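S.K.:
2 protein chains.
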Amino acid sequence: MCAKKCAGRPSNRDVILDAAEQLVASEGAARLTFDALGQATGISKGGLLYHFASKDKLLEAMLERMVARNNDLKETFMSEFEGDPNQEFKSILLASLNSDAECAQLSSGLLAAAANNPDLLAPMTAHVQQTFQSLEQFSRDPMLAKVLFFAVHGARLFEQLQLCEHCQGDRKAFADKLLAMIDAKN
Amino acid sequence: MCAKKCAGRPSNRDVILDAAEQLVASEGAARLTFDALGQATGISKGGLLYHFASKDKLLEAMLERMVARNNDLKETFMSEFEGDPNQEFKSILLASLNSDAECAQLSSGLLAAAANNPDLLAPMTAHVQQTFQSLEQFSRDPMLAKVLFFAVHGARLFEQLQLCEHCQGDRKAFADKLLAMIDAKN
DNA sequence: ATTACTATACCAACTAGACGGTTTAGTAAT
DNA sequence: ATTACTAAACCGTCTAGTTGGTATAGTAAT
Chain D
6 MCAKKCAGRP SNRDVILDAA EQLVASEGAA RLTFDALGQA TGISKGGLLY
56 HFASKDKLLE AMLERMVARN NDLKETFMSE FEGDPNQEFK SILLASLNSD
106 AECAQLSSGL LAAAANNPDL LAPMTAHVQQ TFQSLEQFSR DPMLAKVLFF
156 AVHGARLFEQ LQLCEHCQGD RKAFADKLLA MIDAKN
Chain E
6 MCAKKCAGRP SNRDVILDAA EQLVASEGAA RLTFDALGQA TGISKGGLLY
56 HFASKDKLLE AMLERMVARN NDLKETFMSE FEGDPNQEFK SILLASLNSD
106 AECAQLSSGL LAAAANNPDL LAPMTAHVQQ TFQSLEQFSR DPMLAKVLFF
156 AVHGARLFEQ LQLCEHCQGD RKAFADKLLA MIDAKN
């Protein structure tokens, strides 16, 4: 499970966000409602609205936490790939592939926002743009970087929508292939 | 615009599906309603329900047309790559990258179904599985095939959600890179 | 130690509007 | 007569958001 940042004391705010992600994954973004969320968490609608003043605020928080988790994971990989000439490149890719890995599902925030209010995705564009710049900066073959970046996100989408049956099992093999392609070409 | 299969005489059924795609792209899947669809097409709610007996039927039709369009485009590319040792591989990838290219947006059907009723995606899993098998069959490096397949769909997702600003312009360069990678490695 | 107050974290009941879908009655072309 | 609709009323349900209230914990003056 997620929501363990302060180790042991997951605030209800995070509990709600976790439940929201799971709801989107299992029922679809359109059924992410305060009622359903209340049932899933045992918190009343009033309580939910205490934490997130509107549905847009909830979606915003989902996106924010998604980005934060991604950044955290990238830093973890940065130390794991210490010394590797493609440290940054690899860290960005694996972070995107594996964020929320320990959680139920992937990219629920993205899909929920896209479904309910695409305007909320605008701040994400900046984040993506920045990632693209990093990839171009740290890769000798920027187009390859783009291909691999999109590959990671395509795989995540298909996993989230359960469009391919055995995606989960192949995840490690998939990651290894990405790393091998970087080492071979970069 | 789309919906021109019988060249010149787009049935209202296709007009409705086009409008539905555009609505999902611009307003989000949650705002794909019969009322909004009626306003967009100028067809009354009764008229819409004459064509699609329920919302689920509408979503099903969106997915079906998406697959059909993809298959058509694949056949077009098959003749374009006649003689190429990677004919099938390339055709599958470019078809997925370019279906709906002349339309407003991509993969609206997928997102709409995912948002409203993920159960409707079940038949898509079969289609994906089949595509995977073809890719594995026609590629000497199945893992590369997977990477490139996911790259195509990742790029489509980001385009649809307008998550990267200049995706459209780079589409041809992106496609060329994919083809080059196939030729180099396969 | 008591009283008064504040902040946090909720809950239960309600409201107004939107939504999917139905129904009815009718039009117009083939 | 069939196909392809329009127009408009209507229904039950769901939904976001509001209101007003409660419980608990802590602060701080008296």
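Those sequence lines, one after another, are chains D and E.
Residue numbering for the first sequence follows this note's numbering, starting at 6 and increasing by one per position.
Residue numbering for the second sequence follows this note's numbering, starting at 6 and increasing by one per position.
From the three backbone atoms N, C-alpha and C, an ideal C-beta is built for every residue, glycine too.
Nothing here was measured: the structure is a model prediction, and the numbers come from that model.
If D:L168 sits next to E:T130, beta carbons under 8 angstroms apart, how far is it from one beta carbon to the other, in whole angstroms?
M.R.: Here residue 168 of chain D corresponds to residue number 163 of the first sequence, with the count starting at 1. Here residue 130 of chain E corresponds to residue number 125 of the second sequence, with the count starting at 1. Yes, D:L168 and E:T130 are in contact; Cβ-Cβ is about 6 angstroms, under 8 angstroms.
S.K.: May I have the straight-line CA-CA distance separating E:F143 from E:A189, to the nearest angstrom?
M.R.: Working through the second sequence from its first residue, we reach residue 143 of chain E at position 138. Working through the second sequence from its first residue, we reach residue 189 of chain E at position 184. Their backbone Cα atoms lie some 15 angstroms apart in a straight line.
S.K.: Quick check: the Cα distance between D:A8 and D:N17, rounded to an integer number of angstroms?
M.R.: In the first sequence, the residue the question calls residue 8 of chain D occupies position 3. In the first sequence, the residue the question calls residue 17 of chain D occupies position 12. Any reading at D:A8 needs caution, since the residue's pLDDT is 36, under 50, leaving its predicted position unreliable; the model's value is listed next. C-alpha separation (whole angstroms): 9 angstroms.
S.K.: Does the contact criterion of 3 or more C-beta pairs under 8 angstroms hold for the stretch 120-130 of chain D versus the stretch 74-81 of chain E?
M.R.: Because the criterion of three Cβ pairs below 8 angstroms is not met, the stretch 120-130 of chain D and the stretch 74-81 of chain E do not touch.
S.K.: If you reduce the DSSP assignment to three classes, tell me which class D:E164 lands in.
M.R.: Locating residue 164 of chain D in the first sequence gives position 159, counting from the first residue. In the structure shown, D:E164 sits in a helix (DSSP, three-state: H, G or I).
S.K.: With H, G and I counted as helix, E and B as strand and the rest as coil, what does DSSP make of D:K10?
M.R.: Here the question's residue 10 of chain D lines up with position 5 in the first sequence. Confidence in D:K10 is poor, its pLDDT being 36 and thus under 50, which makes the residue's placement too unreliable to answer from.
S.K.: With distance defined between alpha-carbon atoms, name the residue in E:E85, E:E80, E:F39, E:F82 nearest to E:L63.
M.R.: Translated into positions along the second sequence, residue 63 of chain E becomes position 58. Measuring from the Cα of E:L63, the nearest candidate turns out to be E:F39.
S.K.: May I ask which residues mark the beginning and end of the alpha helix (DSSP H) holding E:D40?
M.R.: Here residue 40 of chain E corresponds to residue number 35 of the second sequence, with the count starting at 1. Note, E:D40: alpha helix (DSSP H), 39-46.
S.K.: Can you tell me where the alpha helix (DSSP H) with E:S144 in it begins and where it stops?
M.R.: Within the second sequence, the letter at position 139 stands for residue 144 of chain E. No alpha helix (DSSP H) contains E:S144, which DSSP labels as neither H nor E.
S.K.: Going by beta carbon distance, what residues of the same chain come within less than 7 angstroms of D:M186, once the five residues before and after it are set aside?
M.R.: As a first step, residue 186 of chain D is located in the first sequence; it is residue number 181 there, counting from the start. Correct list, in chain order: L153.
S.K.: Where D:F86 and E:I97 are concerned, what is the direct C-alpha to C-alpha distance, given to the nearest angstrom?
M.R.: For the purposes of this step, residue 86 of chain D is taken as residue 81 along the first sequence, with counting starting at 1. For the purposes of this step, residue 97 of chain E is taken as residue 92 along the second sequence, with counting starting at 1. About 35 angstroms.
S.K.: Excluding the five sequence neighbours on either side, which residues of its own chain have a C-beta within less than 8 angstroms of the C-beta of E:A156, listed in chain order?
M.R.: As a first step, residue 156 of chain E is located in the second sequence; it is residue number 151 there, counting from the start. Taken in chain order, the residues that qualify are L183.
S.K.: At 8 angstroms on the CB atoms, spell out the chain D contacts of E:E170, in chain order.
M.R.: Locating residue 170 of chain E in the second sequence gives position 165, where the first residue counts as 1. Result: T130, Q134.
S.K.: Hey, is the stretch 54-61 of chain E in contact with the stretch 27-35 of chain E, meaning 3+ C-beta pairs nearer than 8 angstroms?
M.R.: Cβ pair count under 8 angstroms is below three, so no.
S.K.: Between which two residues does the alpha helix (DSSP H) holding E:E170 run?
M.R.: Counting from one through the second sequence, the residue named residue 170 of chain E turns up at place 165. Here E:E170 belongs to no alpha helix (DSSP H), and DSSP marks it neither H nor E.
S.K.: Measure the C-alpha to C-alpha separation of D:E69 and E:G88 and round it to an integer number of angstroms.
M.R.: As a first step, residue 69 of chain D is located in the first sequence; it is residue number 64 there, counting from the start. As a first step, residue 88 of chain E is located in the second sequence; it is residue number 83 there, counting from the start. Distance between the alpha carbons of D:E69 and E:G88: 49 angstroms.
S.K.: Verify whether the separation of the beta carbon atoms of E:N121 and D:A35 is less than 7 angstroms.
M.R.: The residue you call residue 121 of chain E lines up with position 116 of the second sequence. The residue you call residue 35 of chain D lines up with position 30 of the first sequence. Against a cut-off of 7 angstroms, the Cβ pair of D:A35 and E:N121 comes out as a contact.
S.K.: So which of E:F137, E:Q165, E:D181, E:Q92 has the shortest CA-CA distance to E:E26?
M.R.: Taking the first residue of the second sequence as 1, we reach residue 26 of chain E at position 21. Selected option, being the one with the closest Cα: E:Q165.
S.K.: List, in chain order, every chain D residue whose beta-carbon is nearer than 7 angstroms to that of E:G33.
M.R.: Counted from its first residue, the second sequence places residue 33 of chain E at position 28. Those are A119, A120, N121, N122, P123, listed as they occur along chain D.
S.K.: So, at 7 angstroms on beta carbons, what are the nonlocal neighbours of E:A66 in its own chain, with the 5 sequence-adjacent residues on each side left out?
M.R.: The count along the second sequence starts at 1 and reaches residue 66 of chain E at position 61. Cβ within range, chain order: L22, F57.
S.K.: Is E:A180 close to chain D, meaning its C-beta is less than 7 angstroms from at least one C-beta of that chain?
M.R.: Along the second sequence, one-based indexing puts residue 180 of chain E at 175. So no, E:A180 is outside the interface.
S.K.: Below 7 angstroms between beta carbons: does that hold for D:L125 and D:A117?
M.R.: Position 120 of the first sequence, counting from 1, holds the residue named residue 125 of chain D. Position 112 of the first sequence, counting from 1, holds the residue named residue 117 of chain D. No, Cβ-Cβ distance for D:L125 and D:A117 is not below 7 angstroms.
S.K.: Residue range of the alpha helix (DSSP H) that E:D181 falls in?
M.R.: As a first step, residue 181 of chain E is located in the second sequence; it is residue number 176 there, counting from the start. Counting along the chain, the alpha helix (DSSP H) containing E:D181 begins and ends at 176-190.
S.K.: In angstroms, rounded to a whole number, what distance separates the CA positions of E:E141 and E:P147?
M.R.: Your numbering for residue 141 of chain E matches position 136 in the second sequence. Your numbering for residue 147 of chain E matches position 142 in the second sequence. Their Cα atoms are separated by approximately 5 angstroms.
S.K.: Are the C-beta atoms of E:I187 and some chain D residue less than 7 angstroms apart?
M.R.: The count along the second sequence starts at 1 and reaches residue 187 of chain E at position 182. False, the Cβ-Cβ gap to chain D never drops below 7 angstroms.
S.K.: Could you tell me the boundaries of the alpha helix (DSSP H) in which E:F57 lies?
M.R.: Residue mapping note: residue 57 of chain E aligns to position 52 of the second sequence, counting from 1. Neither: E:F57 is in no alpha helix (DSSP H) and is coded neither H nor E.
S.K.: Leaving out five residues before and five after E:G43 in sequence, what residues of the same chain have Cβ atoms less than 7 angstroms from its Cβ?
M.R.: Here residue 43 of chain E is taken as the residue at index 38 of the second sequence, counted from 1. Within the same chain, E:G43 has close Cβ partners S49, K50, L53.
S.K.: At 8 angstroms on the CB atoms, spell out the chain D contacts of E:M148, in chain order.
M.R.: Translated into positions along the second sequence, residue 148 of chain E becomes position 143. The contacting residues are A178, F179, K182.
S.K.: If you drop the 5 nearest sequence neighbours on each side, which residues of the same chain put their C-beta closer than 7 angstroms to that of D:T46?
M.R.: For the purposes of this step, residue 46 of chain D is taken as residue 41 along the first sequence, with counting starting at 1. So the list reads V20, I21, A24, once near-sequence residues are dropped.
S.K.: Would you mind reading off the limits of the alpha helix (DSSP H) that contains D:G114?
M.R.: The residue given as residue 114 of chain D occupies position 109 in the first sequence. 113-121 is the extent of the alpha helix (DSSP H) around D:G114.
S.K.: Please report the distance separating the alpha-carbon of D:D61 from that of D:L115.
M.R.: The sequence position of residue 61 of chain D within the first sequence is 56, counting from 1. The sequence position of residue 115 of chain D within the first sequence is 110, counting from 1. The straight-line gap from Cα to Cα measures roughly 13 angstroms.
S.K.: Can you give me the Cβ contacts of E:N103 inside the same chain, cut-off strictly under 7 angstroms, excluding the 5 residues immediately before and after it?
M.R.: As a first step, residue 103 of chain E is located in the second sequence; it is residue number 98 there, counting from the start. Once the five neighbours on either side are set aside, the close Cβ partners of E:N103 are L78.
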